[in-house]
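Read the structure below first, then the notes.
In my numbering, the protein residues as written are 10 to 207.
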């Protein structure tokens, strides 16, 4: 991390994406916050609502142990157990603290290894900045590699967007997620994940 005189810092993401070969949907944020970089994992600011939303939508009501928890291992296990992939649109950038509005000089993330190495069939961009960055950088890059996937914009769960309540976020995420696609992973005729979907 390199600090500049204008208050911007050059920041590298600091940790990699979360996914495995069974992942079915990808939630794409903007850039890891300082709290997330310090923990080496996604959405670790204590007031970010991402993990409460995930628990409300994906936890098995018949399993009293199926919780996101507060630790990195618990949240990592929850995401993978429910076939959720996580990554951010930016690999590195100039940024002031955690302000999306200050982002400059973007190096976008390469999403292709996630898509080709999993069963992800839908990308969900979390917040207006993540959505804009995805369409500007990531989507054209995927298309150039012969990969096309549907993408749906979701509201940010950041504490900076506190006008939306937790109940509002849960309702919006529940309404916009393609549950049929989530429950039916993409496979080819041999039962394997296709390398490219054009």
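All C-beta atoms in this analysis are idealised placements derived from N, C-alpha and C, irrespective of residue type, glycine included.
Evaluate residue 62 with the Cβ neighbour count: other Cβ atoms within 10 Å of its Cβ, from every protein chain shown; 16 or more gives buried, anything less gives exposed.
Here residue 62 refers to the residue found at position 53 of the chain shown. Its Cβ being crowded by 16 or more others within 10 Å, residue 62 is buried.
Using the Cβ count rule (16 or more neighbours within 10 Å means buried), how would you classify residue 188?
Stepping through the chain shown from its first residue, residue 188 is reached at position 179. Exposed, since its Cβ has fewer than 16 Cβ neighbours within 10 Å.
Using DSSP's beta-bridge definition, name the partner residues of residue 38.
As a position in the chain shown, residue 38 is number 29, starting the count at 1. Its beta-bridge partners are 97.
Going by DSSP, name the residue or residues bridged to residue 112.
Along the chain shown, read from residue 1 onward, the residue named residue 112 stands at position 103. In the DSSP secondary-structure assignment, residue 112 is not bridged to any residue.
Length of the line joining the Cα atoms of residue 95 and residue 86:
Sequence index remark: in the chain shown, residue 95 carries index 86 (1-based). Sequence index remark: in the chain shown, residue 86 carries index 77 (1-based). For residue 95 and residue 86, the distance between alpha carbons rounds to 12 Å.
Check each candidate in 104, 105 and 51 and name the one with the smallest Cα separation from residue 88.
Counting from one through the chain shown, the residue named residue 88 turns up at place 79. Cα-wise, what sits closest to residue 88 is 51.
According to DSSP, is residue 29 part of a helix, a strand, or is it coil?
Position 20 of the chain shown, counted from the first residue, corresponds to residue 29. Coil.
According to DSSP, is residue 103 helix, strand or coil?
Translated into positions along the chain shown, residue 103 becomes position 94. When secondary structure is reduced to three states using DSSP, residue 103 falls in the strand class.
Residue 144 in three-state terms, based on DSSP:
Stepping through the chain shown from its first residue, residue 144 is reached at position 135. Reduced to three states, the DSSP call for residue 144 is helix.
Label residue 91 either buried or exposed according to how many other C-beta atoms from any shown protein chain fall within 10 Å of its C-beta, with 16 as the threshold for buried.
Position 82 of the chain shown, counting from 1, holds the residue named residue 91. Residue 91 counts as buried, since at least 16 other C-beta atoms from the protein chains shown sit within 10 angstroms of its C-beta.
Is the number of C-beta pairs between the region 109 to 128 and the region 26 to 33 that are closer than 8 Å three or more?
Three or more Cβ pairs drawn from the region 109 to 128 and the region 26 to 33 lie within less than 8 Å of each other, which places the two stretches in contact.
Suppose contacts are defined by Cβ-Cβ distances below 9 Å. Is residue 163 in contact with residue 58 by that definition?
Walking along the chain shown from the start, residue 163 turns up at place 154. Walking along the chain shown from the start, residue 58 turns up at place 49. Taking 9 Å as the Cβ cut-off, residue 163 and residue 58 do not qualify as a contacting pair.
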